[in-house]
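The sequence shown begins at 1 in UniProt numbering and counts up by one. Where a beta carbon is used, it is the ideal one built from N, C-alpha and C, also for glycine. These notes are about the structure you will find just below.
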Amino acid sequence: MPMHGLYQALPEYHTCRKAPAMTHALLVIDVQNDFCPGGALAVTNGDGIVKGINALMPDFGAVILTQDWHPAGHSSFATSHDADPMSVIQMPYGAQVLWPDHCIIGTHGAAFHSDLNINAADLILRKGYNPKIDSYSAFFENDQQTPTGLMGYLQTRGIDTLTLVGLATDFCVNYSAVDAAKLGFNVTVRMDLCRAIDFDGSLDAAVEGMKAAGVDVG
Ligand code: VGL
Ligand code: ZN
């Protein structure tokens, strides 16, 4: 059969952007106002990654955004323990850094950065809504057992490869990347599109931990 019709009528077809692999998802971690300059838990230059993340979105078969989403009085807040922010306490599930109040459900601080292209998201996954357990990872709460449901979502969509970007490199990106690798996904963290809190050596430790877990820290 001679080839005619649609493809011949569109000679530029072969030169347009490569079709994204449907098995490869972009996981955008916590690009929210409270993690950007002026926010309650501001990460230096946190807003500097937004344009680059938007530009990357069309290259993926799925775009997933996570949103840190805490009830007021959350157990990860220093104010809930009369303690100093950035101090560490023991919770039933292990050590927990105590943070300034941040990403409280429904507040401006919990909203995505206004330039982030949220319309491109297939899924918005919220985490940290359990008052008694923090959730850095997009896959499991900080007890490392309670699932968020993301693994099932990815598996049922046939996604086996993840690229991670977002905030903060050393906490939510790190925990999400390590869990993803442990679950068997091929994982890359685009360090140029992440920014870190970098407190008490946390960034170096995170990079070492991600590498040890088999994450491509690019
Ligand atoms: C995060 C600390 C507390 C993060 C969230 O997105 O990395 N860090 N909650
Ligand atoms: Zn949080």
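Query                                                                                                                                                 : Result
What residue ranges within the region 142-203 form continuous alpha helix (DSSP H) runs of no fewer than 4 residues, ordered along the chain?         : 150-156, 174-182
Using the rule of at least 16 other Cβ atoms within 10 Å of the residue's Cβ for burial, across every protein chain shown, is T169 buried or exposed? : buried
Of all the options G38, D204, D192, which has the alpha carbon lying nearest to the alpha carbon of C103?                                             : G38
Say yes only if the C-beta of A111 is nearer than 7 Å to one or more non-hydrogen atoms of the ligand VGL, and no if none qualify.                    : no
Tell me the DSSP bridge mates of H24?                                                                                                                 : T161
Please name the residue in G184, D30, N142, A177 whose C-alpha comes closest to that of G46.                                                          : D30
With the cut-off set at 8 Å, would you say A138 and K127 are in Cβ contact?                                                                           : yes
Could you tell me the boundaries of the alpha helix (DSSP H) in which G52 lies?                                                                       : 50-56
Which partner residues of W99 appear in the DSSP bridge assignment?                                                                                   : F77
Rounded to whole angstroms, what's the CA-CA distance from Y93 to H74? Just pull it up for me.                                                        : 15 Å
With distances taken from each beta carbon to the nearest heavy atom of the ligand ZN, which residues come in below 7 Å, in chain order?              : D68, H70, S76, W99, H102, C103, G128, D134
Under DSSP, the beta strand (DSSP E) around I89 begins and ends at which residues?                                                                    : 88-91
By DSSP, does P2 sit in helix, in strand, or in coil?                                                                                                 : Only weak support exists for where P2 lies, its pLDDT of 48 falling under 50; the value from the coordinates is given anyway. Three-state DSSP puts P2 in coil, outside helix and strand.
Can you tell me where the beta strand (DSSP E) holding T66 begins and where it ends?                                                                  : 62-68
Mind checking A9: buried by the 16 CB within 10 Å criterion, or exposed?                                                                              : In this prediction, A9 scores a pLDDT of 49, lower than 50, which makes its location untrustworthy; the coordinate-derived value is nonetheless stated afterwards. A9 comes out exposed.
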